[in-house]
Every structure is written in structure tokens, then in C-alpha cells.
Amino acid sequence: MFQLTLPREVADSLKAIYSKGVVVLEYGSGGSTFLALEANEKNIIYSCETDARWLSELSTEIAFRKLSHRFFPVFQDVGQTREWGYPCLDKQSYDEKRGIQFAQAPILPWRMMQKHGVSPDVVFLDGRFRVASFLAAYLNASRPCTIVFDDYRERQCYHVVENILKPSEFIDRTAFFDLHPPADISQIKSFLDIFTPYLFAQI
């Protein structure tokens, strides 16, 4: 059920990174979650998901494998969803409340990690709101980390993030970014007008 859908070379690269004992923040859960949990018994995973049922089933399987003590699920409530956790806009309207839910979704895991006193070594972007999630990482990371942005190469709407940080490497469809805090707030302000239309691109 929770199959890894990444290209082999990307999966191998992630496994090598995860083998070192790291804190991982992932936006989007599934096979990648187990890759992170099983690569090193010291790894800690904060996993974001907009599909409540999927997250519940994932958590049940993780508990069955006795890995729950290193797994922190983050439910990003964005209202009704369809396949792959996409917000469903034809069955539920977009109102003020839902707009707030959309805006808060990328920030939720950072609030949890800040309470726990941790900052991730790796941020894996493979869920919803990827540009907004990239920006959340840029603003909130308190130590150097690697941002792994899946499906990046072919989706031009994601490339707006290069206005603040360029990829250091590409493997297949995936881009890797080296983030070194603190964030340049003046740069964020300068590019705010550019970012706004893309924050929830390819929701």
C-alpha cells in the first residue's frame, strides 16, 4: 500500500542521506516515510499529510512495525480532499476559514518542531503547497539543512523559488537545495510580489 514512487536514483540518494541519523520533515507521506524511518534507527520523522484517512492508515502501519516513537504525524486540515490529498474545490467552497487553513498548512510542522526544540536536517517536499512549504523552510530553519524538492524539474511554476535559492543538484526529476540560515528577510520582502501568485501553485 505504501509503495515508494520515487525514481531509483533519487531513492538511493535519499537513503544515503537518511542513513546518517537525521531529523526529517516531509510534506507528503507514504513510502518515503518508511524509507526515512528504516534507514537509521536514530532518525526522527515529522510527516505532513492533508488526507486524514491516509495519515491514519499510515500511522497504524507504523505502530504495527513498532516505529511510532520516532514518528510525529502532522495533519494539515485543508477541508475535503481527493486523491493524493489535493484539496477538493468542487464539493467544498473556498471561504475565509478554508483560506486560513491553506495558509497555515505549511507552517504547522514548524510550530510542532519548535515546541520540541528541533530543526530538521532534511526537508522533503512531495505533498501539497510545495512553494509555500519551501518558503516556510527558508524562514523557519534554524540550522543548515537540505531541501529535497520532488517533481521540480518539469514543473515551471515551482522554479519561482530560485529567486531566493538556487538548486545545488538535480537527480532525475528532483532538485536538491542547500539551505544555510538565517533567512535573508530583506530578500523575502523584495520577492514577495513574485512569490504570491505561486504559493499554492500545483496545489
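This note's numbering applies: residue 1465 is where the sequence shown begins, and numbers increase by one. Think of the CB as a built atom: it goes at the ideal place given N, C-alpha and C, for glycine as much as any other residue. If you're wondering where the values come from, they're calculated on a predicted model, not measured in any experiment.
Residue i lies in the beta strand (DSSP E); which residues open and close that run?
i	result
S1583	Neither: S1583 is in no beta strand (DSSP E) and is coded neither H nor E.
L1643	1638–1643
L1468	Where L1468 is concerned, there is no enclosing beta strand (DSSP E), given that its DSSP letter is neither H nor E.
Measuring only the C-alpha atoms, how far is residue i from residue j?
i	j	result
N1504	S1496	13 Å
V1488	V1542	22 Å
M1465	D1559	34 Å
V1624	H1580	31 Å
A1596	F1528	33 Å
F1593	C1512	11 Å
W1548	D1515	8 Å
L1470	L1499	11 Å
L1522	S1632	32 Å
G1563	A1569	10 Å
S1606	G1494	26 Å
F1566	L1572	11 Å
R1637	E1473	10 Å
S1532	Y1482	17 Å
Along the alpha helix (DSSP H) that carries residue i, what are the first and last residues, could you check?
i	result
Y1482	1472–1482
E1560	1560–1568
S1597	1594–1604
Have a look at the options and flag the residue whose alpha-carbon is nearest the alpha-carbon of residue i.
i	options	result
R1619	A1639, Y1510, N1627	A1639
Y1622	H1644, R1607, D1590, D1648	D1590
Y1616	E1560, R1592, L1478, F1634	F1634
L1629	R1637, D1636, D1648, D1614	D1648
Q1540	E1502, L1531, Y1550	Y1550
V1582	G1494, I1481, N1507	N1507
E1502	P1584, R1546, L1478	L1478
I1652	N1627, K1484, Q1467	N1627
S1650	Y1602, L1519, P1608, R1637	Y1602
A1600	K1561, F1535, P1645, Q1544	P1645
W1518	L1643, F1535, T1545	T1545
F1535	M1576, I1611, D1554	M1576
A1475	F1588, K1530, I1526	F1588
N1604	W1574, I1611, D1614	W1574
E1525	Y1491, K1484, S1557, Q1467	Q1467
Tell me, please, which residues DSSP counts as bridged to residue i.
i	result
L1589	Y1491, F1613
I1635	T1638
F1536	Y1510
P1551	T1545
8 Å is my cut-off, CB to CB: does residue i come that close to chain D?
i	result
V1488	The chain labelled as chain D is not found in the depicted structure, where only one protein chain is given.
At a cut-off of 7 Å, is residue i close to the ligand ADP when judged by its beta-carbon and the heavy atoms of the ligand?
i	result
C1609	No copy of the ligand ADP appears in this structure; indeed no ligand is present at all.
**Study point:** Any alpha helix (DSSP H) of 4 or more consecutive residues that is wholly inside the stretch 1481–1525
**Key:** 1495–1503
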